[in-house]
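Sequence order for the protein chains is A and B.
The first sequence begins at 6 in my numbering and counts up by one.
The second sequence begins at 13 in my numbering and counts up by one.
Working notes, structure below.
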Amino acid sequence: MKNESEPTNQGRRDFLGAAAGLTAAAVAPGMMLHTVDSEAAAPTGGVSDAHRWGLLVDTSKCADGCTACVDACDQENGLNLQSQPLGDDELKWQNQRATWIRKVKLQDNLTGQVTNLPLMCQHCEHPPCVDVCPTGASFKRADGIVMVDRHTCIGCRYCMMACPYKARSFIHEQVDQKLTRAPRGKGCVESCNLCAHRLDTGDISTACADACSAEGHQALVFGDLKDPTGPLRQALAKKPNRQIRQDLGLNTGVRYAGI
Amino acid sequence: MKRIVYREWLVEPQRYWGLLAMLAGVIAVGGLSALYMEHEGHWVTGMTNSVVWGTPHVFAVFLIIAASGALNVASIGTVFDKTAYKPLARLSGLLAVALLVGGLLVLVLDLGRPDRLLVAMTTYNFSSIFAWNIFLYSGFAAIVIGYLWTMAERKGNHLQKPVGTFAFLWRLALTTGTGSIFGFLVGREAYDTAILAPLFVVMSFAYGLAIYMLVLFYAFDADGRPIGPAMLKRLKNLLGLFVAAVLYFTLVYHLTKLYGAKNSDIEAFLLINGGLYTALFWVGWVLIGGLIPLGIIYHPELNKQRDWIATASALVVAGGLAAMYVIIIGSQAYPQEMFPGHSVIQFGAPGDVGGRVAPYSPSFPELLLGLGGVGVALLITAVGIRVLQFLPESLADRDVDPHASARHA
Numbered sequence: 006m007k008n009e010s011e012p013t014n015q016g017r018r019d020f021l022g023a024a025a026g027l028t029a030a031a032v033a034p035g036m037m038l039h040t041v042d043s044e045a046a047a048p049t050g051g052v053s054d055a056h057r058w059g060l061l062v063d064t065s066k067c068a069d070g071c072t073a074c075v076d077a078c079d080q081e082n083g084l085n086l087q088s089q090p091l092g093d094d095e096l097k098w099q100n101q102r103a104t105w106i107r108k109v110k111l112q113d114n115l116t117g118q119v120t121n122l123p124l125m126c127q128h129c130e131h132p133p134c135v136d137v138c139p140t141g142a143s144f145k146r147a148d149g150i151v152m153v154d155r156h157t158c159i160g161c162r163y164c165m166m167a168c169p170y171k172a173r174s175f176i177h178e179q180v181d182q183k184l185t186r187a188p189r190g191k192g193c194v195e196s197c198n199l200c201a202h203r204l205d206t207g208d209i210s211t212a213c214a215d216a217c218s219a220e221g222h223q224a225l226v227f228g229d230l231k232d233p234t235g236p237l238r239q240a241l242a243k244k245p246n247r248q249i250r251q252d253l254g255l256n257t258g259v260r261y262a263g264i
Numbered sequence: 013m014k015r016i017v018y019r020e021w022l023v024e025p026q027r028y029w030g031l032l033a034m035l036a037g038v039i040a041v042g043g044l045s046a047l048y049m050e051h052e053g054h055w056v057t058g059m060t061n062s063v064v065w066g067t068p069h070v071f072a073v074f075l076i077i078a079a080s081g082a083l084n085v086a087s088i089g090t091v092f093d094k095t096a097y098k099p100l101a102r103l104s105g106l107l108a109v110a111l112l113v114g115g116l117l118v119l120v121l122d123l124g125r126p127d128r129l130l131v132a133m134t135t136y137n138f139s140s141i142f143a144w145n146i147f148l149y150s151g152f153a154a155i156v157i158g159y160l161w162t163m164a165e166r167k168g169n170h171l172q173k174p175v176g177t178f179a180f181l182w183r184l185a186l187t188t189g190t191g192s193i194f195g196f197l198v199g200r201e202a203y204d205t206a207i208l209a210p211l212f213v214v215m216s217f218a219y220g221l222a223i224y225m226l227v228l229f230y231a232f233d234a235d236g237r238p239i240g241p242a243m244l245k246r247l248k249n250l251l252g253l254f255v256a257a258v259l260y261f262t263l264v265y266h267l268t269k270l271y272g273a274k275n276s277d278i279e280a281f282l283l284i285n286g287g288l289y290t291a292l293f294w295v296g297w298v299l300i301g302g303l304i305p306l307g308i309i310y311h312p313e314l315n316k317q318r319d320w321i322a323t324a325s326a327l328v329v330a331g332g333l334a335a336m337y338v339i340i341i342g343s344q345a346y347p348q349e350m351f352p353g354h355s356v357i358q359f360g361a362p363g364d365v366g367g368r369v370a371p372y373s374p375s376f377p378e379l380l381l382g383l384g385g386v387g388v389a390l391l392i393t394a395v396g397i398r399v400l401q402f403l404p405e406s407l408a409d410r411d412v413d414p415h416a417s418a419r420h421a
């Protein structure tokens, strides 16, 4: 009995030893990465004000009729999973469904020149929606992203009254399908969060900007407003740009060239 | 001056219970409507991402500002020492609390997540005027209940003046806060002006007094208590003053907006080409709620008849609801102007409204919820005056003002 079990035990020891070694080999670089560059790798490491995320929209490159950014946002954030409640009026539903980004087409009253641009939450430095929220559910992260804490949102919609950009949506209906990365619930307010779930796992990109590039338009440049050598600051330096409702002095994180 | 005697409302039981049953019915329907909207979600209402506050807010804001206005009658007696108003004070306090409770209920039941009321009561963001209002509203109710105690309890009588003065200052803060909810919104053209705060204060004076007078007339009529002609004249003159003040502030509000070229479009919308909202402004707010009541109040014959004065009060209430509808819904229906010098030819997917007037039509559940709030306010008042001594036995001039008979002689 004892002789028979000996080789088995030996095999188990070998296996455990090898497993421990392999685990150490697999985990160690991760641990190293945690200590060396915790911001990039740790989804739970918190957000710092070392960055301020933003976008530059070059309206001259935004193509008429293209909805790549809108479609990508819908996919990324599960907005395409919303379903029109049975019996709701079609037109009303278009105004009730959540929209994080929309294509806007403008015509200059004097020259007749037509401009296309995507409009989403402008991620203000001084967001009116955050000021007015009675519970603090509407908040600004240290990295400048303005979003809604769905645990404390009471659905009063005061932020929607306050937003100058019509960027926020109220969930009017029962939600049956949603993505883990974009939780959604009836009776709360939500808006663009610059794909925070990507940023928090170290992926410095947004679905809209990626889609625009993939279409070959390059009308959207995403990046860090605080990084003078980064792509966003470089692009901002090259093109004269402004903020929508610049008169309000909100210092938006989203800037527009060509309007 | 005679000692004022207060008596419970001595209306016949059938009439009293009939009234309660009717109000309970209105409240039940309002409650069911709230439950329906909460269960289904707000898609069953007329509200959208463009018009985010609908008819419930019209009723809620109206009731809340009327609540602080209803307290004015008591304040005039206590704070400004007008003896003739003292017998009116208890009903004034009761009505103030009742209207506030009705309004707040509507406001809370229209939240997307009314079940999270506890969150709203425990998590505050003090840069929000909304959060401040939660304190202003609950504080108002507490102070007015204390104020009522100082009126009813002899031991508390000496505190009546300080408590009454504090309540008066508090109600000014409350209505200023309510007006500021709108006045501080920089992103919408019709708001973004400090004059909304004083406008709401004078509106509260007018609407609160109009409701007070209707309730007083009805209650006194029902159990045969007298109201003297001098008292009637006093109340209607006060209403006339407040209604005129509303019209004056309305004028200044629009003049302020009209002066800036950037606001010419919203002004054209509200005053000329806004369809329903323009009609509600001129016919509802100005004519029904302002000029016609003023015509009645200052008419040499009509202004001596209680029924006509009651009609004027009812018109002020109707005009007030129209005014709230224009301020709350009309201002949201108007598109937010983000691109000066440009016309918006497309805004999002087809049907997604931007750059043009947003459609809104109130749904029945919204309307019924709002009426439910009115029902709650009236039920509290009816039960209050029935079981406690809120109403003076008589408002005949000789009982109220010791010099009245001498003057008439």
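We put the beta carbon where it would ideally sit given N, CA and C, even for glycine.
Using 8 Å as the limit for Cβ to Cβ distance, is residue i near chain A?
{"i": "LEU379(B)", "result": "no"}
{"i": "GLY366(B)", "result": "yes"}
{"i": "ILE321(B)", "result": "no"}
{"i": "GLY382(B)", "result": "no"}
{"i": "GLY199(B)", "result": "yes"}
{"i": "ASP413(B)", "result": "no"}
{"i": "ALA36(B)", "result": "no"}
{"i": "MET350(B)", "result": "yes"}
{"i": "ARG19(B)", "result": "no"}
{"i": "ALA79(B)", "result": "no"}
Step through the CB atoms of chain B and report whether any lies within less than 8 Å of the CB of residue i.
{"i": "ASP136(A)", "result": "yes"}
{"i": "ASN114(A)", "result": "yes"}
{"i": "TRP168(A)", "result": "For clarity, residue 168(A) is Cys in the given sequence; the question names Trp instead. It does: the Cβ of CYS168(A) has a partner Cβ on chain B nearer than 8 Å."}
{"i": "ASP42(A)", "result": "Since pLDDT at ASP42(A) reaches only 44, below the 50 mark, its modelled position is unreliable, and the value read off the structure follows with that caveat. Answer no: the Cβ-Cβ gap between ASP42(A) and chain B never drops below 8 Å."}
{"i": "SER196(A)", "result": "no"}
{"i": "PHE227(A)", "result": "no"}
{"i": "SER174(A)", "result": "yes"}
{"i": "LEU253(A)", "result": "yes"}
{"i": "LEU86(A)", "result": "no"}
Helix, strand or coil for residue i per DSSP?
{"i": "VAL153(A)", "result": "strand"}
{"i": "ASN121(A)", "result": "strand"}
{"i": "PRO404(B)", "result": "strand"}
{"i": "PHE376(B)", "result": "helix"}
{"i": "TRP161(B)", "result": "helix"}
{"i": "LYS145(A)", "result": "strand"}
{"i": "ARG15(B)", "result": "coil"}
{"i": "GLU220(A)", "result": "coil"}
{"i": "PHE359(B)", "result": "strand"}
{"i": "LEU241(A)", "result": "helix"}
{"i": "ASP42(A)", "result": "Unreliable positioning characterises ASP42(A) in this predicted model, as indicated by a pLDDT of 44, which lies under 50. The coordinate reading is nonetheless provided below. Residue state, collapsed to three classes: coil."}
{"i": "ILE106(A)", "result": "strand"}
From this set, the options, which residue's C-alpha is nearest residue i's C-alpha?
{"i": "GLY228(A)", "options": "ILE209(A), THR64(A), THR72(A)", "result": "ILE209(A)"}
{"i": "ARG128(B)", "options": "GLN179(A), GLY160(A), GLU195(A), GLY207(A)", "result": "GLY160(A)"}
{"i": "ASN285(B)", "options": "GLY240(B), TYR346(B), SER216(B), GLY296(B)", "result": "TYR346(B)"}
{"i": "GLY332(B)", "options": "ILE146(B), PHE254(B), GLY43(B), LEU228(B)", "result": "PHE254(B)"}
{"i": "ALA55(A)", "options": "ALA262(A), ALA240(A), LYS231(A)", "result": "LYS231(A)"}
{"i": "SER174(A)", "options": "ASP113(A), ASP93(A), GLY190(A), LEU61(A)", "result": "GLY190(A)"}
{"i": "MET350(B)", "options": "ALA242(A), ARG250(A), GLN223(A)", "result": "ARG250(A)"}
{"i": "GLY70(A)", "options": "ASP181(A), HIS222(A), ALA262(A)", "result": "HIS222(A)"}
{"i": "VAL75(A)", "options": "LEU124(A), LEU60(A), LEU61(A), GLN87(A)", "result": "LEU124(A)"}
{"i": "GLY83(A)", "options": "MET165(A), LYS110(A), LYS183(A)", "result": "LYS183(A)"}
{"i": "LEU237(A)", "options": "VAL259(A), GLN99(A), GLY117(A)", "result": "VAL259(A)"}
{"i": "GLY296(B)", "options": "LEU267(B), TRP320(B), TYR310(B), VAL329(B)", "result": "VAL329(B)"}
So which residues on chain A does residue i lean against when the C-beta distance must stay under 8 Å?
{"i": "LEU123(B)", "result": "ILE159, GLY160, CYS161, GLY192"}
{"i": "TRP65(B)", "result": "ARG162, MET166"}
{"i": "GLY275(B)", "result": "First, the amino acid is wrong: residue 275(B) is Asn here, not Gly. Per Cβ cutoff of 8 Å: no residues; ASN275(B) is ~13 Å from chain A at best."}
{"i": "SER62(B)", "result": "ASN100, LYS171"}
Can you name the residues of chain A whose CB is closer than 7 Å to the CB of residue i?
{"i": "SER139(B)", "result": "ASP136"}
{"i": "HIS354(B)", "result": "LEU111, GLN112, ASP113, ASN114"}
Give me the chain B residues within the contact set of residue i, using Cβ-Cβ distance strictly less than 7 Å, ordered along the chain.
{"i": "ASP93(A)", "result": "TRP55"}
List, in order along the chain, the chain A residues whose C-beta lies closer than 9 Å to that of residue i?
{"i": "VAL131(B)", "result": "THR140, ALA142, HIS156, THR157, CYS158, ILE159"}
{"i": "ILE339(B)", "result": "Residues of chain A passing the Cβ test: none, with the nearest at roughly 12 Å."}
Which bits of chain B does residue i rub up against, with CB to CB less than 8 Å?
{"i": "ARG107(A)", "result": "PHE359, GLY360, ALA361, ASP364, GLY366"}
Inside the region 65-140 of chain B only - alpha helix (DSSP H) runs reaching at least 4 residues: 67-82, 84-90, 101-121, 129-134
Length-filtered (4 minimum) alpha helix (DSSP H) runs lying within the region 171-209 of chain A: 201-204
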